[in-house]
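Chemist: Residue numbers (the numbering used here), protein chains in the order written: chain A, 221 to 592; chain B, 778 to 1080. Glycine included, C-beta positions come from ideal geometry on N, C-alpha and C.
(1) Within its chain, find whatever has a CB closer than 6 Å to the CB of residue 241 of chain A; leave out the 5 residues flanking it on each side and keep chain order.
(2) Any idea what DSSP makes of residue 321 of chain A, helix, strand or coil?
(3) For the segment 558-580 of chain A, enumerate the residues whose C-beta is nearer than 7 Å to any C-beta of chain B, in chain order.
(4) From the DSSP output, in three-state form, read off residue 315 of chain A for me.
(5) At the level of alpha carbons, what is the spacing between residue 445 of chain A and residue 588 of chain A?
(6) Within 9 Å (strictly less), CB to CB, does residue 243 of chain A reach chain B?
(7) What number of angstroms, rounded off, separates the C-alpha of residue 833 of chain B from the C-alpha of residue 565 of chain A?
(8) From this set, A/448, A/458, A/222 and A/435, which residue's C-alpha is nearest residue 497 of chain A's C-alpha?
(9) Classify residue 792 of chain B as helix, strand or coil using the three-state DSSP reduction.
(10) So, does the CB of residue 436 of chain A fall closer than 9 Å to a CB anywhere in chain B?
(11) Could you list which residues in chain B have their beta carbon closer than 7 Å to that of residue 233 of chain A, in chain order?
(12) Whose Cβ in chain A lies nearer than 7 Å to the Cβ of residue 827 of chain B?
(13) Give the secondary structure of residue 930 of chain B by DSSP, where H, G and I count as helix, E and B as strand, and everything else as coil.
(14) For the beta strand (DSSP E) containing residue 232 of chain A, list its first residue and its last residue.
(15) Kindly list the residues whose CB is nearer than 7 Å to the CB of residue 423 of chain A, restricted to its own chain and excluding five residues on each side of it in sequence; keep chain order.
(16) For residue 346 of chain A, tell me which candidate among A/528, A/473 and A/552 has the shortest Cα-Cα distance.
(17) Output, in sequence order along the chain, the residues in the segment 352-368 of chain A whose CB is closer than 7 Å to any CB in chain B.
(18) Let's see if you can read the secondary structure: which residues bound the alpha helix (DSSP H) around residue 274 of chain A?
(19) Chain B beta carbons: is any one of them nearer than 9 Å to that of residue 444 of chain A?
(20) With 9 Å set as the bound, which would you pick, yes or no: does the beta-carbon of residue 430 of chain A sit closer than that to a beta-carbon of chain B?
(21) Any idea which residues DSSP pairs residue 838 of chain B with across the strands?
(22) Could one say the Cβ of residue 237 of chain A lies closer than 9 Å to chain B's Cβ atoms, at least one of them?
(23) Helix, strand or coil for residue 258 of chain A per DSSP?
(24) What is the rounded straight-line gap between the Cα of residue 478 of chain A and the Cα of residue 307 of chain A?
(25) In its own chain, which residues sit with a C-beta less than 7 Å from the C-beta of residue 1071 of chain B, not counting the 5 before and 5 after it?
(26) Give a yes or no on whether the C-beta atoms belonging to residue 223 of chain A and residue 879 of chain B are separated by under 9 Å.
(27) Any idea what DSSP makes of residue 541 of chain A, helix, strand or coil?
(28) Give me, in chain order, the residues of the same chain whose beta-carbon lies closer than 6 Å to that of residue 814 of chain B; leave out the 5 immediate sequence neighbours on both sides.
(29) Quick check: residue 488 of chain A and residue 548 of chain A, are their CB atoms within less than 9 Å of each other?
(30) Helix, strand or coil for residue 563 of chain A, going by three-state DSSP, please let me know.
(31) Under the rule that 16 or more other beta-carbon atoms within 10 Å means buried, what is residue 961 of chain B, buried or exposed?
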């Protein structure tokens, strides 16, 4: 125990002296929360629409007014020329073209059906999908009203249409920051756990001090604990600091028990530090360790459901997430903070991450050998 | 019981032998030198003896403990100073010393007498970070750090490489002091001139020990007559002597060439005459006694 104490003392002196690490630990959560939460939003506003109205009828004007009235759309041009419209799309002046063909109203009156065309710039598939959904729903809404107006049996029609009402539980206003902040916190804790810990151990190899340390009575486990424990403490501190910032900056809901969140985080960190240890045991320089850590981090984070829902990933990707500790923690963090889940609700996650931690730590310790 | 006993140690890296069948013993309180050029296997041998590396064959004991089986015991009683400066550069002089004392369960106070002569020289800078010390001061700190737990055996891997001449001399004086306090010291060095400062030396080349003896005895056993020759054009002199039919060896040593003849019978007049024929000017030639490096070269030629 005493030996571990001496190593810890040395580690904290070194961390305190590191000119980058300490300021970064304060600045990183603030910047990440402020930038990512505000910038990485999926809400679409200011969709630039070019309207190509070849019909110029009452109906077409009504449709156009629907878009004009929407806060999501900005009508940037209003022409009757295909070429102009295409140019706008080509020069990236418009995101979407709404084309109402000539004889639109006439066709509708005679044949009871007519077509409009939506042309979307799909360079960014996500944006294109959203624009399509928004535009289609506005058109569908108008269509429904039109049917009700034109048919002689509005009462009948109303009776057969199924009305969906919805209420969003656990995040009633679909507040984006409520969804993002817990995710960012996970990111923060994970980065400290994997990158900092692996680089810290590899550093001893790189500067050669490990040679000196190895010819001392320090035991393998003492060295490992002494090297990892500081980051376990720092990461938990960062989680607390991040939650505090989330509360005062974004007023995120904290419905569940914070003690439970920290309990889960402490076990989660064991798994994460185990990964860091494993990376450090197969690398010899900080550069290598950084590169490998980053490789795993990017995969873990993109797969974790931080930005895109896990449920919409293909089946094989969801299987990969079984070994993705980040996915567990993101889910648990959101469950506890937003939903107020208790121990019974996250029991499965808890057991999984504990098993994960045990396996990865054993693997890493096995790999990390004091002598060659 | 010998302080260090090495029996038939061999080690290869990917089929390339680094050590071939090394055996020797070091007495308690002896200052023993491993002398040899880079790549001779000195570091590999030191790493095996300090339990950092496991030999492919052979055995070795330190103070009676086996380097493989009793590695834990050995790690308590030895001090190892790697060739590369390996203290924490971002910790101060005092913090480094304190850390290395603490992990051995010792304190600076109880063993201060051991390092007093060395540490007192760097003590005025004890709050300075180790990384900011000069090369000589770094060596002193490193030596203090490996001494602070009162080791019985000290292993030093090329401690004077990259250190200036004055610090080198100082460092060897410190080693003599430590040796006089009864500590066994095994030191490796590529500098031949440092051999005479050891009690005994092992001359190493290509993973083998060519000779083990007292430095004085090695010099005495040098079997040939040796001459130092100098002229105005040293490069041409080397070429001409290499082309001389009676030449055995000729090597450049500082401003002279060291010359031995095949029949071990140097006729100085004949050589001077030969050189004059070759238009050499300012010819200087005298007979000298061999130094360790001459012996090393001779041994290398024999093998």
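Modeler: Once the coordinates are examined:
(1) 235
(2) Of the three classes helix, strand and coil, the one that applies to residue 321 of chain A here is coil, per DSSP.
(3) none
(4) coil
(5) 13 Å
(6) no
(7) Distance between the alpha carbons of residue 833 of chain B and residue 565 of chain A: 56 Å.
(8) A/448
(9) coil
(10) yes
(11) The answer, in chain order, is 868 and 872.
(12) 435
(13) strand
(14) Premise fails: residue 232 of chain A lies in the alpha helix (DSSP H), 222-237, not in any beta strand (DSSP E).
(15) The residues are 506.
(16) A/528
(17) none
(18) From DSSP, residue 274 of chain A is part of no alpha helix (DSSP H); its letter is neither H nor E.
(19) no
(20) yes
(21) B/782 and B/843
(22) yes
(23) If DSSP states are grouped into helix, strand and coil, residue 258 of chain A belongs with the helices.
(24) 55 Å
(25) 999, 1003 and 1035
(26) yes
(27) In the structure shown, residue 541 of chain A adopts helical secondary structure according to DSSP, grouped into three states.
(28) 967
(29) In contact: residue 488 of chain A and residue 548 of chain A (Cβ atoms closer than 9 Å).
(30) Residue 563 of chain A: coil per DSSP, three-state reduction.
(31) buried
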